[in-house]
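Chemist: Once you've had a glance at the structure underneath, I'll fire off some questions.
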Amino acid sequence: MDSPQTHTPPHNEKTIMGHPRGLVILFLTEMWERFSYYGMRGLLVVYLTQHFLFSDERSSLLYGAYTALVYVMTIIGGSLADRYLGARKAVTFGAILLTLGHFGMTFEGSGSKQLLEYNDTQYQISLDARGGDAKQLIISDSGTSYVTFTETDMLITEPEAVDLPAVIPRDQFTMSVETEEEYLMMLYLSLALLIAGVGFLKANISTIVGSLYGFGDSRRDSGFTIFYMGINMGAFLASIFCGYLGIVHGWKYGFGLAGIGMLIGLVVFLSCQSWLEGKAEPPSVEKLKEKVFLFINVEWMCYLVGLAIIAVSMLLVMNEELVGGILGPIGILMLVGMVSYSMIKLQGDERSRMLAAIYFILAQIPFWALFEQAGSSLNLLTARLVDRTIFGWSVPGPVFQSLNAGYIFMFAPLVAWLWIWLAKRDLNPSTPVKFALGVAMAGLGFLALVAGMQGSGDVGLTPVIFIFLIYWIHTMGELMVSPVGLSAVTKLAPARIVGMTMGAWFLYSGLSNFLAGIIARTTGAETIGGQMTNVAAAKAGYIEVYTQVGFIALGISVLMLLVSPVITRMMHGAD
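When the sequence shown is numbered by the working numbering, its final residue is 630 and no position is left out of the sequence of numbers.
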C-alpha cells in the first residue's frame, strides 16, 4: 500500500520563516485592511448619532445595511476575480476604493445642528464632547448652559446665562435638525466606496494565500493561521487607536488613521507584487483585452461593474430600509434553489451532504445576528450606560471592541488544543454540536450582561467587568462557529457547485448582519443633540431586548442540539 504523498515546496522557492515570502505581503495588506475596517466600524454608530444626529434606530439600521452589503458584494467581487480579473488585480482595485472611502470619511463638516425653538427664538442643543461622557448644552446669543431632559420638561442648570426659565415644559418648545446635505452625501459615498472595496478585496486576498501553497502542502494550514493572526492584529490595534483618536481628539482623526492604515496596506501590496511570484494572475490575459463595447475591454468592464456597485450601494445606504426588502427575497430564492438542486440533481450521500451544508449556512444566522451587536447597540450601551473608568481613565466606548480580537489571540490556541485533546479521547464534539454551543454562548453573553445591568439599579452605571465578560463569552462562541463553518460548507458541497455554496454563505452572513441592525434598532433610546435623555428608560429597553434575544438564542441552541445527531449522519464522515 502506497504511503500518502505530501507536496514539497520547490527548491528555488524564496521563503521567510519557512513560508513563501508572499505570505508576508498578504499578512501586512490584510492586517492594514482590517485595521481600517474595524477602526471605522468602531466609530460609525457613535458618529452617526452625535455628528449627524441620526436617531439610534436609524443609525443601527444603517450600520446593519452597511455591514450586510459588505458581505454580499464579496460574491460579485469574488466572481469577477475568478472569471476575469484574477485575485491580484481585484485586491489592488479594492484597496484603492477602500483608501478613497476611508479618506472620504474625514470630510465631516461642522455636523448637524439640533435646533430648539421657544417663544419665537431659536437655540441650539449641542454636546461638550464626543462619546458617552458628553453632556448636553443649550446655546443662546447670550451664553451657554448645561441642560437635561425629563419626559415632561427641559431643565436648565444656569438659566440666567441663556436668559431662559430654569424649567421649560416640553410642549412649549419644538425641535428640528439642520443637516449639511453635502457632507451627508459624502458620508454615503464613502460608505459605498468601502462596501465596493471590501467586496473586491476580502474574498480574493484569501484566495491568493491559498495559491501560494501547492496541493497537499503541509504548510498550508499554518500559513492560513498566520494570515488570520494578521486580521485579528489589525482589528485589535484599530479599535484602540482609531477609537481613542476619534472620541478624544475628533472624528476625522479616527477615520483618518483608518485611511492611513489602508494606504499603507495598498503601498505594501503594490510595492511587493514580485513576491507573489506570478500567483493570482488573471485566468486569461487575452480575455481581459477583448473588446466588449467600443474601446472598453473586459478588464475595464470589470472596473465599471465596481463603479456600478458603488452607485447601487450608495442608493441602498441612503435608503437603508430597502436592504432587507432586497436581501430577504434573494435569500429565500437562494434557499429554494439550493434545496431544489439537491433534490433534483444530487443523489445518495452527495444529496445528504449538500442538505447538511444548507443547514450550516442557515445555522450561522442566529449567532451572527447577536454577535454583530458589538458595533451597534452594544457599542452605544458601552458608551452611555457602563462605568468605563479603569485606573482613573474613562476609556472611550469604541476601544472595548478590541476585546474580541484580544481574546482570540489569547484563547484560539487553547481552543484548538482542546479539540485535539478531546479528539484523542474520542470526545471531540461534532460540528453541529459546536454550532449549537456557539449560538448558546451568544445568548448567554447577553444574559450575563443583563444580570450586571439589573444589579446596578434603575439608573446606575453597569460595572465594566460585564463588558469584558460578554465579549469573552461571545468570542468563545465565535471560536465554536467561525473556524468550522465555512470549512464544513466547502467540504460538504459538491465540487461543481462549491462556488455557489460559498456565495450562499456570504449572502446569509449579510442577512445576519442586517438582522443584527433590526435587533439593534429595537434598543433605540430617545436622543436630543446626540445624547440620550432618559437613562432609566434606555436601560430598561436594553434589558428587555437583550433578555428576549438571550433566551431565544438558548431555545434555538437546544433545537440545534436535538437535530445535531441527524445532521452529523447527513455529513457522512465529512466532519
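From the three backbone atoms N, C-alpha and C, an ideal C-beta is built for every residue, glycine too.
1) Name the residue from Lys489, Glu172, Val360 whose alpha carbon lies nearest to the alpha carbon of Ala543.
2) Determine the direct distance from the alpha carbon of Pro214 to that of Pro220, and round the result to whole angstroms.
3) Here's the rule: buried if 16 or more other CB atoms are within 10 angstroms of the residue's CB, otherwise exposed. What is Pro75?
4) What's the C-alpha gap between Gly510 and Val202?
5) Between Gly119 and Ile573, is the Cβ-Cβ spacing less than 9 Å?
6) Can you tell me whether Glu354 is buried or exposed, with buried defined as 16 or more other CB within 10 angstroms of its CB?
7) Taking only runs that begin and end inside the region 509-592, name each unbroken alpha helix (DSSP H) of 4 or more residues, in chain order.
8) Among all the DSSP beta bridges, which residues are the ones paired with Val202?
9) Quick one: measure Cβ to Cβ for Met369 and Ala247, integer angstroms, because I've assumed they're closer than 8 Å.
10) Looking only at its chain, what residues have a beta carbon closer than 7 Å to the beta carbon of Thr212, apart from the 5 residues adjacent to it on each side?
11) Quick one: measure Cβ to Cβ for Gln419 and Gly540, integer angstroms, because I've assumed they're closer than 8 Å.
12) Classify His304 as buried or exposed, calling it buried when 16 or more other Cβ atoms lie within 10 Å of its own Cβ.
13) Based on the DSSP secondary-structure assignment, which residues constitute the bridge partners of Thr70?
14) Leu83 and Gly320 look like a contact to me (Cβ under 8 Å); what is the Cβ gap, rounded to whole Å?
15) Between the region 583-595 and the region 465-485, can you find at least three pairs of beta-carbon atoms closer than 8 Å?
16) Expressed to the nearest angstrom, what Euclidean distance is found between the alpha-carbon atoms of Ser407 and His627?
17) Classify Asn259: buried if its beta carbon has 16 or more other beta carbons within 10 angstroms, exposed otherwise.
18) Mind reading off the beta-carbon distance from Ala293 to Gln428? Whole number of angstroms is fine, and I expect it under 8 Å.
19) Assuming Leu631 and Ser397 make a contact with CB atoms under 8 Å, what is their CB distance in whole Å?
20) Are the region 80-99 and the region 422-437 in contact at 8 Å, needing three or more beta carbon pairs?
21) Taking buried to mean at least 16 other C-beta atoms within 10 Å of its own C-beta, is Lys257 buried or exposed?
22) Do you know how far the Cα of Gly596 is from the Cα of Gly584?
23) Checking 9 Å against the spacing of the C-beta atoms, do Arg143 and Glu336 come in under that value?
24) What residue range is occupied by the uninterrupted alpha helix (DSSP H) comprising Val347?
25) From the DSSP output, in three-state form, read off Pro224 for me.
26) From the DSSP secondary-structure annotation, give me the bridge partner or partners of Thr444.
27) Starting from the Cα of Gly132, find the closest Cα among Val232, Gly554, Tyr299 and give me that residue.
28) When the distance is taken between beta carbons, is Arg225 closer than 9 Å to Gln105?
29) Report the residue from Lys344, Gly187, Met160 whose alpha carbon sits nearest the alpha carbon of Leu440.
30) What are the partner residues of Glu172, as DSSP defines its beta bridges?
31) What is the DSSP secondary structure of Gln456, reduced to helix, strand or coil?
32) Between which two residues does the alpha helix (DSSP H) containing Gln419 stretch?
33) Are the Cβ atoms of Trp571 and Ala478 separated by less than 9 Å?
34) Below 8 Å on the Cβ atoms is my contact criterion, and I expect Gly149 with Val253 to pass it. Report the Cβ-Cβ distance as a whole number of Å.
35) Using a threshold of 9 Å, state whether the C-beta atoms of Ser231 and Asp218 are closer than that.
36) Would you decide whether Val621 is buried or exposed? Buried here means 16 or more other CB atoms lie within 10 Å of its CB.
Modeler: Walking through what the data contain:
1) Residue 543 sits at position 488 when you count from the first residue of the sequence shown. Considering only alpha carbons, the answer is Lys489.
2) Residue numbering aside, residue 220 sits at position 165 when the sequence shown is read from its first letter. Residue numbering aside, residue 214 sits at position 159 when the sequence shown is read from its first letter. Near 6 Å, if we compare the C-alpha coordinates of Pro214 and Pro220.
3) Taking the sequence shown and counting its residues from 1, one reaches residue 75 at position 20. Looking at its Cβ environment, which holds 16 or more other Cβ atoms inside 10 Å, Pro75 is buried.
4) On the sequence shown, residue 510 is found 455 positions in, with the first residue counted as 1. On the sequence shown, residue 202 is found 147 positions in, with the first residue counted as 1. Distance between the alpha carbons of Gly510 and Val202: 28 Å.
5) As a first step, residue 119 must be located in the sequence shown, where it is residue number 64. As a first step, residue 573 must be located in the sequence shown, where it is residue number 518. Going by C-beta atoms, Gly119 is nearer than 9 Å to Ile573.
6) By one-based count along the sequence shown, residue 354 stands at place 299. The residue in question, Glu354, is buried, as its Cβ has 16 or more Cβ neighbours within 10 Å.
7) 520-547, 553-576
8) If you number the sequence shown from 1, residue 202 lands on position 147. Paired residues: Ile211.
9) What you label residue 369 is simply residue 314 of the sequence shown in a count that begins at 1. What you label residue 247 is simply residue 192 of the sequence shown in a count that begins at 1. Met369 to Ala247, Cβ: 4 Å. Contact.
10) Taking the first residue of the sequence shown as position 1, residue 212 is located at position 157. Cβ neighbours of Thr212 beyond the five flanking positions: Ser200, Tyr201, Val202.
11) Sequence index remark: in the sequence shown, residue 419 carries index 364 (1-based). Sequence index remark: in the sequence shown, residue 540 carries index 485 (1-based). Confirmed, about 6 Å.
12) Stepping through the sequence shown from its first residue, residue 304 is reached at position 249. The residue in question, His304, is exposed, as its Cβ has fewer than 16 Cβ neighbours within 10 Å.
13) Within the sequence shown, numbered from 1, the residue matching residue 70 stands at position 15. Paired residue(s): Pro75.
14) What you label residue 83 is simply residue 28 of the sequence shown in a count that begins at 1. What you label residue 320 is simply residue 265 of the sequence shown in a count that begins at 1. About 7 Å separates the two Cβ atoms, so the contact holds.
15) no
16) Working through the sequence shown from its first residue, we reach residue 407 at position 352. Working through the sequence shown from its first residue, we reach residue 627 at position 572. So the alpha carbons of these two residues sit roughly 8 Å apart.
17) Locating residue 259 in the sequence shown gives position 204, where the first residue counts as 1. Buried.
18) Your numbering for residue 293 matches position 238 in the sequence shown. Your numbering for residue 428 matches position 373 in the sequence shown. Contact doesn't hold; Cβ gap of about 19 Å is too wide.
19) Coverage of the chain is limited to positions 56 through 630, which leaves residue 631 absent and any answer about it impossible.
20) yes
21) Translated into positions along the sequence shown, residue 257 becomes position 202. So Lys257 ends up on the buried side.
22) Counting from 1 along the sequence shown, the entry for residue 584 is found at position 529. Counting from 1 along the sequence shown, the entry for residue 596 is found at position 541. So the alpha carbons of these two residues sit roughly 20 Å apart.
23) For the purposes of this step, residue 143 is taken as residue 88 along the sequence shown, with counting starting at 1. For the purposes of this step, residue 336 is taken as residue 281 along the sequence shown, with counting starting at 1. Yes.
24) Counting from 1 along the sequence shown, the entry for residue 347 is found at position 292. Element bounds for Val347: not the alpha helix (DSSP H) but the beta strand (DSSP E), 346-348.
25) What you label residue 224 is simply residue 169 of the sequence shown in a count that begins at 1. Pro224: strand per DSSP, three-state reduction.
26) Start at 1 with the first residue of the sequence shown, and residue 444 comes out as number 389. DSSP, once it has assigned bridges, lists Ser449 as partnering Thr444.
27) Counting from 1 along the sequence shown, the entry for residue 132 is found at position 77. Per the Cα distances, Gly554.
28) Counting from 1 along the sequence shown, the entry for residue 105 is found at position 50. Counting from 1 along the sequence shown, the entry for residue 225 is found at position 170. No, the Cβ-Cβ distance between Gln105 and Arg225 is not below 9 Å.
29) Residue 440 sits at position 385 when you count from the first residue of the sequence shown. Considering only alpha carbons, the answer is Gly187.
30) For the purposes of this step, residue 172 is identified with residue 117 of the sequence shown, where counting begins at 1. In the DSSP output, where bridge partners are listed per residue, Glu172 has Gln177, Thr229.
31) If you number the sequence shown from 1, residue 456 lands on position 401. Helix.
32) Position 364 of the sequence shown, counting from 1, holds the residue named residue 419. Taken as a continuous stretch (DSSP letters only), the alpha helix (DSSP H) holding Gln419 covers 403-426.
33) In the sequence shown, residue 571 corresponds to position 516, counting from 1. In the sequence shown, residue 478 corresponds to position 423, counting from 1. The residue asked about is misnamed: residue 571 is Ala in this sequence, not Trp. For Ala571 and Ala478, no; Cβs fall outside 9 Å.
34) Within the sequence shown, residue 149 is the residue found at index 94, counting from 1. Within the sequence shown, residue 253 is the residue found at index 198, counting from 1. 7 Å between Cβ atoms; contact.
35) To locate residue 231, count along the sequence shown from 1; it is residue 176. To locate residue 218, count along the sequence shown from 1; it is residue 163. No; because the gap between Cβ atoms is not below 9 Å, this pair is not in contact.
36) Residue 621 sits at position 566 when you count from the first residue of the sequence shown. So Val621 counts as exposed.
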